[in-house]
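Everything on this sheet refers to the single structure shown next.
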Amino acid sequence: MPELSVVIVAQDSEQRSVLQVLVDGTSVARTVHSCASFPVVASDPVVRRIQSASPDVVLVDVPSDSPALALRAIEIVHQELPETALFAIGSMAQPQAIVNAMRSGAREYIERPTTTTDLLEAFVRLTTAQRKVSREGLRGKVFTIVNAKGGSGATTVAVNLALALQSAHGNVALVDIATLGHAALHMNLKPLFTVADAIRNLHRLDSSLLESFMTRHNGGLQLLAGPNAPAAVEPSTAEFARLCDLLVGHFRYVVVDASTRMDATARLVCNLSERVLLVAHADVASLWSAARLQQYLGETGGRERVQLVLNRFRKIPGFSESDAEAAAGIKLLWKIPNQYFAVSAAIDRGIPLMHQNHTEIARSFTGLAGRLTENDVDVKRRAWSLFKTV
Ligand SMILES: Nc1ncnc2c1ncn2[C@@H]1O[C@H](COP(=O)(O)OP(=O)(O)OP(=O)(O)O)[C@@H](O)[C@H]1O
Ligand SMILES: [Mg+2]
100 MPELSVVIVA QDSEQRSVLQ VLVDGTSVAR TVHSCASFPV VASDPVVRRI
150 QSASPDVVLV DVPSDSPALA LRAIEIVHQE LPETALFAIG SMAQPQAIVN
200 AMRSGAREYI ERPTTTTDLL EAFVRLTTAQ RKVSREGLRG KVFTIVNAKG
250 GSGATTVAVN LALALQSAHG NVALVDIATL GHAALHMNLK PLFTVADAIR
300 NLHRLDSSLL ESFMTRHNGG LQLLAGPNAP AAVEPSTAEF ARLCDLLVGH
350 FRYVVVDAST RMDATARLVC NLSERVLLVA HADVASLWSA ARLQQYLGET
400 GGRERVQLVL NRFRKIPGFS ESDAEAAAGI KLLWKIPNQY FAVSAAIDRG
450 IPLMHQNHTE IARSFTGLAG RLTENDVDVK RRAWSLFKTV
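Encoded structure:
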């Protein structure tokens, strides 16, 4: 993620320094200037000082007792620096201040007391949105696979989806961020390095070093393997954000196996994803968990990115797909047939289903890959030129 430059506008000196520490602590943004007073008119010298710092983001602290000046400042900065994103920091107990801040031009309203994670998530949302508008097609897309409940099949989906994308488009990475990495076992690979090695070397990580930490599967899929023992010290969410950024700069599609991991890091990776596939079975506990997880992921925005994949699907009399959607509160994206013997044998032998051609289940993963990429410009273009030459 490119470093964002941030200007802080806060009357309270303590709040100014707290915000500076929090911004710099995200590792994806840096405070370039801070102001102690709010501009009251467009010609105010404070506006000029903010302009000359040419920030990507202006953080405006909205005091609970007297929000009016801060709201006016947001309006002025929005008008004078229309390209800059404005984040208001304030109390959630004042709904009117939130509405007014958003109306004045704030893009985000972040609760006080603020944490580094709150800011990091807001910065990630901003860069993801900007990327969508300005650079669609130039960077890779992330699809994250999350289990509604342990053992629902996230790793099976992640591995086979990544292989299906690799065979259709090439240049695909599979990244295993589960607490214990099973993806390598599913593909009978013996990785020398893991995600932890890539993160330890973030400061000097470029495309070639990144690839040297990855393990190649025959057919070309590159795996960044997960840990083979639970980590003693977890990398920070900011480090994961940088790793993701490097991955999408290098690969066309990045499939992340989060399996049952659901913490701030997993949520951040989901935030950075084009689509989050929540893998569930069609039973009450699984769909209930899917609904809870969707709510957790949706708290930081992008609820519509989360879609349901029903694994081990079979028709149940009296229970329709729309019942599953209603129970989970999520739109159904795909159904994968229930084929216990084929799937278990594939895992035990380390030969993924996608490499055992012509099975119904392999066709299902090919279809899922097609569904996820159908709107990608280059994929559309290729389909069109194929059509023309036939
Ligand atoms: N479509 C399917 N049909 C039948 N069985 C399946 C299917 N998908 C997965 N399974 C079975 O479910 C088990 C768990 O699969 P997998 O390892 O992919 O799950 P997971 O959700 O990633 O597990 P964990 O929670 O440990 O990360 C496997 O042993 C496999 O046999
Ligand atoms: Mg798993």
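Position in the sequence shown (first residue = 1) + 99 = our numbering. Backbone N, C-alpha and C fix where the C-beta goes; we use that ideal spot for every residue, glycine too. Values in this document were obtained by computation on a predicted structure and should not be read as measured data.
query	result
heavy atom of ligand 1 below 7 Å from glutamine 455 C-beta	no
Proximity of leucine 158 and leucine 118 at Cβ, strictly below 8 Å	yes
Best match in Arg448, Arg413, Arg341, Leu452 for proximity to proline 436 [C-alpha to C-alpha]	Arg413
Threonine 278 beta carbon less than 8 Å from that of arginine 366	no
Whether alanine 257 touches isoleucine 244 by CB criterion (8 Å)	yes
Between the CA atoms of leucine 273 and serine 463 - distance to the nearest angstrom	19 Å
Test: alanine 295 CB closer than 8 Å to a CB of chain D	No chain D is part of this structure, which consists of one protein chain only.
Candidates Ser126, Arg202, Leu121, Ala228: closest to leucine 301 by CA position	Ser126
Every unbroken beta strand (DSSP E) inside the stretch 191 to 217 [3 residues or more]	207 to 210
Where leucine 180 sits in the DSSP three-state scheme	coil
Beta-carbon separation (whole angstroms), aspartate 155 vs alanine 184, contact threshold 8 Å	7 Å
Check: serine 385 C-beta below 7 Å from any heavy atom of ligand 1	no
Three-state secondary structure assigned by DSSP to serine 266	helix
Any non-hydrogen atom of ligand 1 closer than 7 Å to proline 451 Cβ	no
Check: threonine 254 C-beta below 7 Å from any heavy atom of ligand 2	yes
Sequence-distant residues of its chain with Cβ nearer than 8 Å to alanine 363 (five each side left out)	Thr216, Thr336
Beta strand (DSSP E) runs contained entirely in the stretch 409 to 476, provided each spans 3 or more residues	431 to 436
Per DSSP, the bridge partner or partners of alanine 128	Leu103
Supposed close pair histidine 268, arginine 351 - CB separation, criterion 8 Å	6 Å
DSSP state of leucine 323 mapped onto helix, strand, coil	strand
heavy atom of ligand 1 below 7 Å from threonine 359 C-beta	yes
Proline 138 vs valine 145 beta-carbon contact at 8 Å	yes
Complete alpha helix (DSSP H) runs within the stretch 136 to 179 (minimum length 4 residues, chain order)	144 to 151, 167 to 179
Per DSSP, cross-strand counterpart(s) of glutamine 406	Leu376
Closer than 7 Å: serine 443 CB and nearest ligand 4 heavy atom	Of the ligands one can find in the structure shown, namely ligand 1 and ligand 2, none is ligand 4.
Cβ-Cβ separation, leucine 432 to leucine 407 (assumed contact under 8 Å), whole Å	6 Å
Closer than 7 Å: histidine 71 CB and nearest ligand 2 heavy atom	Nothing about residue 71 can be reported from this structure: the residues present for the chain run from 100 to 489 only.
Reduced DSSP secondary structure (H/G/I, E/B, other) of valine 368	helix
DSSP-derived helix/strand/coil call for aspartate 275	strand
For asparagine 246: DSSP bridge partner residues	Val378
Range covered by the beta strand (DSSP E) that runs through aspartate 356	352 to 358
C-alpha distance - glycine 239 paired with proline 212, whole-angstrom precision	35 Å
Distance cut-off 7 Å: alanine 167 Cβ against heavy atoms of ligand 2	no
Where valine 332 falls: helix, strand or coil (DSSP)	coil
Among Phe186, Arg303, Val405, the one whose alpha carbon lies nearest that of cysteine 369	Val405
Helix, strand or coil at alanine 314 according to DSSP, with G and I counted as helix	First, the residue type needs correcting, since residue 314 is threonine and not alanine in the sequence shown. Strand, per DSSP.
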